[in-house]
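Beneath this line is the structure, given in structure tokens, with notes to follow.
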Amino acid sequence: MSETTDFRVEREALERFMKAVLRRAGADDVSGSAATRALVTASRMGTDSHGLRLLPHYVLALQGGRLKGAPRMRFERRLPATGYLDADDGLGHLAAYSAMEHAVEMAEQVGMGAVAVGNASHFGAAGCYALAAAERGLIGLVTCNSDPFVLLHQGSRPFHGTNPIAFAAPVAGEQPYLLDMATSAIPWNRVQQYGAIGRELPDQVAADTEGQVTRTPGEVAALLPLGGSEFGFKGAGLGGMVEVLSSMLAGMQHGYRLLPMGGPDMASPRGIAHFVMALRPDAFAPGDPFPACLRRYLDDLRAQPGRSGAEVLVPGEREWACQAQRDARGIPLDSANQAAYAELAERLDVPPLRPLS
1 MSETTDFRVE
11 REALERFMKA
21 VLRRAGADDV
31 SGSAATRALV
41 TASRMGTDSH
51 GLRLLPHYVL
61 ALQGGRLKGA
71 PRMRFERRLP
81 ATGYLDADDG
91 LGHLAAYSAM
101 EHAVEMAEQV
111 GMGAVAVGNA
121 SHFGAAGCYA
131 LAAAERGLIG
141 LVTCNSDPFV
151 LLHQGSRPFH
161 GTNPIAFAAP
171 VAGEQPYLLD
181 MATSAIPWNR
191 VQQYGAIGRE
201 LPDQVAADTE
211 GQVTRTPGEV
221 AALLPLGGSE
231 FGFKGAGLGG
241 MVEVLSSMLA
251 GMQHGYRLLP
261 MGGPDMASPR
271 GIAHFVMALR
281 PDAFAPGDPF
291 PACLRRYLDD
301 LRAQPGRSGA
311 EVLVPGEREW
321 ACQAQRDARG
331 IPLDSANQAA
341 YAELAERLDV
351 PPLRPLS
């Protein structure tokens with residue numbers, strides 16, 4: 001999204017609007033608060049494709065019956081460091097935050113905790129939940145499966161989902177190290193976002209119905225795995241790893257068998273699966289060397305020269321810079337999101353968002 005748009009809103013105003021819209025759509029307070037937390041976190045860091053742009057979709061899923069607005073999620077601790085969360089077809093944001101909270105509690109007790117999540121749903125940006133662990137001083141790892149959008153390496157039709165991997169680690173005195181990536185070349189929401197604003201895609205990220213690379217959003221029938229047409233075996237392999245950790249540990253269907261996120265069936269639950277893990281850094285090497293070792297690594301990384309004057313960045317630094325800018329100047333809505341939010345306000349009788357003066 002362009003940062004030049006003059007329609008910017010305060011973070012607090014966006015949070016109030018989202019919670020009001022989700023409440024009108026049938027979500028209880030805890031579900032609406034979790035979804036709002038994740039969507040606003042993503043948009044503050046510049047990931048609008050997994051942030052504010054998704055609000056209309058969740059409204060459709062709630063009103064259609066795909067999602068339960070007041071789920072009865074149930075957690076079972078299976079072993080000292082493992083557990084299973086049945087998300088009861090609720091909003092995936094509440095499921096993932098709840099699962100990470102259980103993982104953190106186990107990690108604080110026994111050094112690590114891992115939770116498989118079944119009967120869940122789309123949860124937006126995976127990094128939000130890895131970040132929740134890092135904010136508690138732990139390392140977080142999160143994966144999630146999704147319906148097929150991505151070609152296998154040398155494949156001709158979609159098989160894996162975008163199957164994200166997120167990893168976060170606490171860094172003393174600064175924002176966490178944060179990696180949040182799809183195992184496809186780009187996330188599917190990026191195609192929709194670029195199409196909405198009339199922008200051409202980068203090369204080697206998407207394919208048409210024949211499996212040929214295209215840069216036109218309207219022609220896209222599938223995404224390429226990370227590595228593109230030549231080295232996509234890497235992304236395809238990572239996508240499969242995510243399936244093993246997510247759907248198979250949770251006993252759910254793998255992504256190829258899931259209903260499409262975009263419908264047309266908005267009444268049937270999809271049964272998405274998540275996996276979250278938390279690690280307590282001081283539970284490993286004697287003397288808790290982790291903070292000092294990570295500091296030396298980051299110092300050496302930042303000291304490396306960039307190509308043609310470019311700056312070498314630690315994963316997460318671009319997002320933290322965007323967050324600081326948007327906290328100061330407001331969160332921008334492009335023309336497509338402005339129209340979508342205005343429609344939500346009118347249809348659900350919620351006070352519309354007003355731009356900063």
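For the sequence shown, full-length UniProt numbering assigns the number 1 to the initial residue and increments by one for each residue that follows.
Every residue, glycine too, gets a C-beta built ideally from N, C-alpha and C.
Which residue comes first and which comes last in the beta strand (DSSP E) that contains Val-276?
-> Numbered from its first residue, the sequence shown carries residue 276 at position 276. Where Val-276 is concerned, the enclosing beta strand (DSSP E) stretches over 272–279.
Length of the line joining the Cα atoms of Asp-88 and Gly-113 = Walking along the sequence shown from the start, residue 88 turns up at place 88. Walking along the sequence shown from the start, residue 113 turns up at place 113. Going from the Cα of Asp-88 to the Cα of Gly-113 covers about 21 Å.
Give me whichever residues DSSP pairs with residue 364 in a beta bridge.
-> A query on residue 364 cannot be resolved here, the shown segment of the chain reaching from 1 to 357 and no further.
Beta-carbon separation of Leu-223 and Ser-184 under 7 Å?
-> Along the sequence shown, read from residue 1 onward, the residue named residue 223 stands at position 223. Along the sequence shown, read from residue 1 onward, the residue named residue 184 stands at position 184. Going by C-beta atoms, Leu-223 is nearer than 7 Å to Ser-184.
Assign Gln-193 to buried or exposed, taking buried as 16 or more other Cβ atoms, counted over all protein chains shown, within 10 Å of its Cβ.
-> The residue labelled residue 193 in the question sits at position 193 within the sequence shown. Under this definition Gln-193 is a buried residue.
Would you tell me roughly how many angstroms separate the C-alpha atoms of Val-220 and Gly-155, rounded to the nearest one?
-> In the sequence shown, counting from the first residue as 1, residue 220 sits at position 220. In the sequence shown, counting from the first residue as 1, residue 155 sits at position 155. So the two alpha carbons sit approximately 15 Å from each other.
Could you check if Gly-262 is buried or exposed, using at least 16 other CB atoms within 10 Å of its CB as the buried criterion?
-> Mapped onto the sequence shown, residue 262 falls at position 262. Burial call: exposed.
Who are the Cβ neighbours of Ser-43 in its own chain at under 7 Å, not counting the five residues just before and after it?
-> If you number the sequence shown from 1, residue 43 lands on position 43. Correct list, in chain order: Gly-51, Leu-52, Ile-331.
Rounded straight-line distance, which links the Cα of Ala-207 to that of Glu-200 = As a first step, residue 200 is located in the sequence shown; it is residue number 200 there, counting from the start. As a first step, residue 207 is located in the sequence shown; it is residue number 207 there, counting from the start. If I take the Cα positions, the gap works out to 13 Å.
Expressed to the nearest angstrom, what Euclidean distance is found between the alpha-carbon atoms of Ala-336 and Ala-196?
-> Within the sequence shown, numbered from 1, the residue matching residue 336 stands at position 336. Within the sequence shown, numbered from 1, the residue matching residue 196 stands at position 196. Straight-line Cα distance between these residues: approximately 6 Å.
For the segment 235–309, which segments carrying the alpha helix (DSSP H) assignment without a break, of at least 4 residues, lie completely within its bounds, in sequence order?
-> 290–302
DSSP on Arg-66, reduced to helix/strand/coil?
-> The residue given as residue 66 occupies position 66 in the sequence shown. The answer is coil: DSSP assigns Arg-66 none of H, G, I, E or B.
Is it buried or exposed for Asp-147, if we count other Cβ within 10 angstroms and need 16 for buried?
-> Counting from one through the sequence shown, the residue named residue 147 turns up at place 147. Asp-147 comes out buried.
Which same chain residues, not among the five before or five after Leu-62, have their C-beta less than 7 Å away from its C-beta?
-> By 1-based counting over the sequence shown, the position of residue 62 is 62. Excluding positions up to five away in sequence, the list reads Ala-25, Gly-26, Ala-27, Gly-69.
When you compare only the Cα positions, how much space is there between Met-1 and Leu-348?
-> Taking the first residue of the sequence shown as 1, we reach residue 1 at position 1. Taking the first residue of the sequence shown as 1, we reach residue 348 at position 348. Low confidence applies to Met-1: its pLDDT is 39, below 50, so where it sits in the model is not reliable, and the reading given next is rough at best. Cα to Cα, the separation comes out at about 26 Å.
Take His-102 and list the residues in its own chain whose beta-carbon comes closer than 6 Å to its own, dropping the five residues that flank it on each side.
-> Sequence index remark: in the sequence shown, residue 102 carries index 102 (1-based). Around His-102: Phe-75, Gly-83, Val-115.
Which runs of the alpha helix (DSSP H) fall wholly inside the segment 134–212 and span at least 4 residues, in chain order?
-> 188–196
Is it a yes or a no for the segment 228–245 touching the segment 149–167, going by three-plus beta-carbon pairs under 8 Å?
-> yes
Same chain only: Cβ atoms within 7 Å of Gly-251, ignoring 5 sequence neighbours per side | Counting from 1 along the sequence shown, the entry for residue 251 is found at position 251. Cβ neighbours of Gly-251 beyond the five flanking positions: Gly-118.
Verify whether the separation of the beta carbon atoms of Ala-278 and Gly-173 is less than 7 Å.
-> Counting from one through the sequence shown, the residue named residue 278 turns up at place 278. Counting from one through the sequence shown, the residue named residue 173 turns up at place 173. Not a contact, by the Cβ cut-off of 7 Å.
Are there 16 or more other CB atoms within 10 angstroms of the CB of Val-350, so buried, or fewer, so exposed?
-> Mapped onto the sequence shown, residue 350 falls at position 350. Its Cβ being crowded by 16 or more others within 10 Å, Val-350 is buried.
Do you know offhand how far Gly-316's Cα is from Arg-215's?
-> Locating residue 316 in the sequence shown gives position 316, where the first residue counts as 1. Locating residue 215 in the sequence shown gives position 215, where the first residue counts as 1. So the alpha carbons of these two residues sit roughly 27 Å apart.
Roughly how many angstroms lie between the CA atoms of Arg-326 and Asp-288, to the nearest whole one?
-> Within the sequence shown, numbered from 1, the residue matching residue 326 stands at position 326. Within the sequence shown, numbered from 1, the residue matching residue 288 stands at position 288. Going from the Cα of Arg-326 to the Cα of Asp-288 covers about 36 Å.
Should Thr-47 be labelled buried (16 or more other beta-carbon atoms within 10 Å of its own) or exposed?
-> Counting from one through the sequence shown, the residue named residue 47 turns up at place 47. Answer is buried; the Cβ neighbour count reaches 16.
Can you say whether Gly-218 is buried or exposed, counting buried as having 16 or more other CB atoms within 10 angstroms of its CB?
-> Translated into positions along the sequence shown, residue 218 becomes position 218. Exposed is the call here.
Out of Ser-31, Gly-227, Ser-268, Ala-324, state which residue places its alpha-carbon closest to the alpha-carbon of Leu-94.
-> Here residue 94 refers to the residue found at position 94 when the sequence shown is read from its first residue. If we check each option's Cα against that of Leu-94, Ser-31 comes out closest.
Other residues of its chain near Leu-179: CB distance less than 6 Å, five sequence neighbours each side excluded = Here residue 179 refers to the residue found at position 179 when the sequence shown is read from its first residue. Here the set comprises Phe-167, Pro-315.
Kindly list the residues whose CB is nearer than 6 Å to the CB of Gly-92, restricted to its own chain and excluding five residues on each side of it in sequence; keep chain order.
-> For the purposes of this step, residue 92 is taken as residue 92 along the sequence shown, with counting starting at 1. Ala-120, Ser-121, His-122, Phe-123.
Simplified DSSP state of Val-312, which is helix, strand or coil = As a working note, residue 312 is residue 312 in the sequence shown. If DSSP states are grouped into helix, strand and coil, Val-312 belongs with coil.
Taking Glu-230 as the reference, which of Leu-152, Val-9, Glu-105, Trp-320 has the closest Cα?
-> Against the sequence shown, residue 230 aligns to sequence position 230. Glu-230 has its Cα closest to that of Leu-152, out of Leu-152, Val-9, Glu-105, Trp-320.
Backbone CA spacing between Leu-313 and Leu-301 [nearest angstrom] | Translated into the one-based positions of the sequence shown, residue 313 becomes position 313. Translated into the one-based positions of the sequence shown, residue 301 becomes position 301. So the two alpha carbons sit approximately 8 Å from each other.
Should Ala-324 be labelled buried (16 or more other beta-carbon atoms within 10 Å of its own) or exposed?
-> On the sequence shown, residue 324 is found 324 positions in, with the first residue counted as 1. So Ala-324 ends up on the exposed side.
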